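**Q** Mind having a look at this structure? Questions to follow.
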Amino acid sequence: MKLYKIYETPAALDYMPLYAEIMRAPSVLIAGVPGSGKSVLLNGLIYNTLAEYAPGAATMYFFDLKKVELYKYSKLPQCAGYAETPEHAVTLLRELIAIMDMRYKEMKRREIVKTDERPIFVFIDEMARIMLTDRAKEFTNLLQDLLQLGRAAGIHCVCCTQIPNRKVIPGNLQALYNMKIALRCVSAIESRQIINTPGAEKLPQYGNAILLDGNGYKRIDNLPMISETDIKARIDYWKRQRGKLKIVW
């Protein structure tokens with residue numbers, strides 16, 4: 503992994519392997535009760551992505567439905583889109599679908615099965631804020647297309663929620679995630695909704711998770727936390743580069 507010369511504590515560097523492993527998955531579902539560590543994990547994944555990809559090497563889209571968690575990333579040169587309302591979220595998803603369709607047309611023209619264009623990383627925080635509105639059906643259909651076809655088009659999607667029930671994570675979406683991470687849940691029913699089995703309801707309140715991918719289940723204890731100091735340093739570094747770089751999305 504290529505790390506850029508940014509201020510980082512040794513602890514932050516120690517956490518990179520776990521986050522890198524998660525971000526290799528084309529699509530990730532993260533769910534758990536408030537205070538279980540979802541935001542810590544989400545920020546760690548974004549932090550890792552910003553370490554690996556300079557502006558112009560990747561694009562990032564942020565869906566900040568809580569309107570507080572991801573705004574700090576919205577001015578980054580890597581950020582090609584930011585939404586904080588259900589209406590804007592649907593518009594932004596449509597934009598991503600259009601990009602995906604263009605990539606598939608180019609792949610067909612060149613007779614290749616996977617794009618070699620720069621990767622796109624999509625971070626959706628608190629899906630419940632849109633899945634419990636009248637835009638839910640439209641959003642679900644668009645997200646389903648993105649999860650089904652995004653892999654070959656180089657699109658990675660991380661979706662998070664504090665309300666892991668069937669309205670927020672319907673079965674047609676739940677089955678499409680390549681990796682699922684359950685933090686502490688209220689009940690065995692919620693645990694099954696995330697990772698297809700009970701168990702997450704017995705996790706300690708904070709910093710522990712059960713990960714499910716193609717290799718089976720994996721327990722994560724003491725979820726690594728990236729400090730706000732490290733996150734701010736990385737954001738400030740890339741923001742200072744904005745005027746020095748010529749980036750064409």
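Position 91 of the sequence shown, counting from 1, maps to 593 under the working numbering, and the rest follow consecutively.
The beta carbon of each residue, even a glycine, is placed where N, CA and C say it ideally should be.
Here the structure is a predicted model, which is why all the values come from computation and not from measurement.
#1: Thinking C-alpha only, which one of 730, 707, 655 is nearest residue 529?
#2: Identify the continuous alpha helix (DSSP H) that holds residue 633 and give its terminal residues.
#3: Measure the alpha-carbon distance for residue 614 versus residue 603 and round it to whole angstroms.
#4: Could you check if residue 624 is buried or exposed, using at least 16 other CB atoms within 10 Å of its CB as the buried criterion?
#5: With distances taken between CB atoms, is the gap from residue 753 to residue 552 smaller than 9 Å?
#6: For residue 565, which residues in the same chain have their Cβ closer than 6 Å to its Cβ, ignoring the five residues on either side in sequence?
#7: Look at the alpha carbon of residue 701 and the alpha carbon of residue 635, and state the distance between them as a whole number of angstroms.
#8: Whose C-alpha, out of 631, 676, 640, 663, is nearest the C-alpha of residue 650?
#9: So, for residue 524: in the same chain, excluding its five sequence neighbours on each side, which residues have a beta-carbon less than 7 Å away from its beta-carbon?
#10: Taking all protein chains shown into account, decide if residue 775 is buried (16 or more other Cβ within 10 angstroms of its Cβ) or exposed.
#11: What residues are listed by DSSP as bridge partners for residue 561?
#12: In the DSSP assignment, what are the bridge partners of residue 714?
#13: Taking the alpha-carbon positions, what's the residue 694 to residue 611 distance?
#14: Can you grab the Cα-Cα spacing for the pair residue 506 / residue 554, in whole Å?
#15: From the DSSP output, in three-state form, read off residue 583 for me.
#16: With residue 725 and residue 534 assumed to form a contact (beta carbons below 8 Å), what rounded beta-carbon distance in angstroms separates them?
#17: Just grab the DSSP bridge partners of residue 658 for me.
#18: Please name the residue or residues paired with residue 615 in a DSSP beta bridge.
**A** Per the coordinate set shown:
#1: 655
#2: 630-633
#3: 14 Å
#4: buried
#5: Limits of the chain in this structure are 503 at one end and 751 at the other, which puts residue 753 out of reach.
#6: Excluding five sequence positions before and after residue 565, the CB atoms of its chain that fall closer than 6 Å to its own CB belong to 585, 591, 626, given in chain order.
#7: 30 Å
#8: 676
#9: 530, 547, 681
#10: Residue numbering for the chain in the displayed model covers 503 to 751; residue 775 lies beyond these limits and cannot be assessed.
#11: 622
#12: 682, 719
#13: 42 Å
#14: The pLDDT assigned to residue 506 is 40, lower than 50, so where the model puts this residue is not dependable; a value taken from the coordinates is nonetheless given after this. Rounded to the nearest angstrom, the two C-alpha atoms are 8 Å apart.
#15: Of the three classes helix, strand and coil, the one that applies to residue 583 here is strand, per DSSP.
#16: About 10 Å; that fails the 8 Å criterion.
#17: 623
#18: Partner(s): none; residue 615 has no beta bridge.
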